[in-house]
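Right, one structure below, let's go through it.
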Amino acid sequence: MPAVRNVLVVGGGAAGTAVAILLAEGGVSVELIDLKPDVAALGSGITLQGNALRVLRQLGVWERIKAEGYEFDTLGLRAPDPAGTLIAELTDIRTGGEDLPATLGMYRPTLAKILIERAREVGVTVRFNTRPASLDDITAKYDLVIGADGLRSWTRGQLGIDVEPQPVGMGIWRTFTKRPASVTRTDLFYGGPAYIAGYCPTGADTLYAYLVEDVRDRSGLSPEEALATMRELAGAYHGPWDEIRENLTDPARVNYTAFESHIIDGPWHRGNVVLIGDAAHSCPPTLAQGAAQALEDASVLAELLLREDALTESLWSQFTARRLDRAKTVVEASLQLTRWQLAHERGDVPGLMARVAHLVASPA
1 MPAVRNVLVV GGGAAGTAVA ILLAEGGVSV ELIDLKPDVA ALGSGITLQG
51 NALRVLRQLG VWERIKAEGY EFDTLGLRAP DPAGTLIAEL TDIRTGGEDL
101 PATLGMYRPT LAKILIERAR EVGVTVRFNT RPASLDDITA KYDLVIGADG
151 LRSWTRGQLG IDVEPQPVGM GIWRTFTKRP ASVTRTDLFY GGPAYIAGYC
201 PTGADTLYAY LVEDVRDRSG LSPEEALATM RELAGAYHGP WDEIRENLTD
251 PARVNYTAFE SHIIDGPWHR GNVVLIGDAA HSCPPTLAQG AAQALEDASV
301 LAELLLREDA LTESLWSQFT ARRLDRAKTV VEASLQLTRW QLAHERGDVP
351 GLMARVAHLV ASPA
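The sequence shown begins at 1 in UniProt numbering and counts up by one.
Structure below.
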């Protein structure tokens, strides 16, 4: 028998839907609630590394993901010069195994829709526009409550955990737009007015592009002003950026976000409530491992809950041992990249990225 019979998942993002799917497939009664009115209809892209794809295959959605996204196995480094000169082409490690691509880009709302559809297929009860008044209202009704409700986690606050995401000094412009035929992988431009100018193909004719700068208060900009600001910043970059910039015409497709980071440095559970994903840890997207780490949390937690026969300290010790140090390593490495850039230091970026890739290539 599984360690739990009925579970409430708070949060319908990647971590929440993944753990709900796996538990429901294992015979557990699962309800998933989310404060949003429905699956997100707007957003930019997401970069999924191989270790994320490994979990998505476990969830039974890989074929759908593959059909919707764009696979690639290399990373390009380009110069911020008038030609956008390609400096190097690096072959990425296939962290999900040789039978999966190294990286896949896709439209984030499409990923969310696929995961929610899969959750419903396997019997998860999904309710949007829902949040309990307090944890006291629900902990007695369920064997386990899983808080997978993101950076501003309501569940984390209800538990009295005072660890909160902190700004790291950078902000990112993102957009979702048409893909030039020349864009067939992620290319990164280091230098110029932005710390990083990059893009990732997300489908047959789409991509998302991003520019990382010193964090600023951009909240006063109208959508049209935000679009003009991103176009101006993008004007310093060339090669494929010239065509990308010409396609930046829709203010609704531009957004700005400050980089933040946190980690609960210790067990992520309190009684019969546990936090996973961004509720427990977050990092700048400099290594594109945020979604992957959230999915790994879900996979490991579900494995233990379905394998063990009770919610014991042994179960929680195993979960902490398998997830805390791994997540901390990814968070710290992501932060190290931002620190080097903020200080204009030439750190060993390839070496750091390779070390993390080798770490996450082994199953969580």
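Note that beta-carbon positions come from the ideal geometry of N, C-alpha and C, so glycine has one too.
Same chain, Cβ closer than 6 Å to L75, neighbours up to 5 away in sequence not counted: L90, D92, T186
Contained beta strand (DSSP E) runs [length at least 3] in the stretch 164-246, N- to C-terminal order: 166-178, 186-191, 194-201, 206-214
Contact under 9 Å by Cβ, L305 with V4: yes
Within the stretch 293-358, ranges of the alpha helix (DSSP H) (whole runs, at least 4 residues): 313-342
Bounding residues of the alpha helix (DSSP H) (the contiguous stretch that carries L248): Looking at the DSSP string, L248 is not in any alpha helix (DSSP H), and its letter there is neither H nor E.
Every unbroken alpha helix (DSSP H) inside the stretch 4-92 [4 residues or more]: 14-25, 50-58, 62-68
Residues bridged to M1 [DSSP beta-bridge criterion]: Looking at the DSSP assignment, M1 forms no beta bridge with any residue, so it has no partner.
Extent of the continuous alpha helix (DSSP H) to which E98 belongs: Run containing E98: none; DSSP gives neither H nor E here.
Distance CB(G290)-CB(R78) smaller than 9 Å: no
Contacts around R253, its chain only, beta-carbon distance under 7 Å, and the 5 residues preceding and following it disregarded: T175, F176, T177
C-beta atoms of V212 and W268 nearer than 9 Å: no
Neighbourhood of V39 by C-beta distance below 6 Å, restricted to the same chain and skipping five residues each side: A112, K113, I116
For L151, the three-state DSSP class (helix, strand or coil): coil
As assigned by DSSP and simplified to three states, the class of G271: coil
Touching by the beta-carbon criterion (3+ pairs, under 8 Å), the stretch 142-158 and the stretch 16-27: yes
Straight-line gap, I161 to V274 (C-alpha atoms, nearest Å): 12 Å
Integer-rounded CB distance, given that L248 should sit under 8 Å from L287: With a Cβ gap of about 26 Å, L287 and L248 do not count as contacting.
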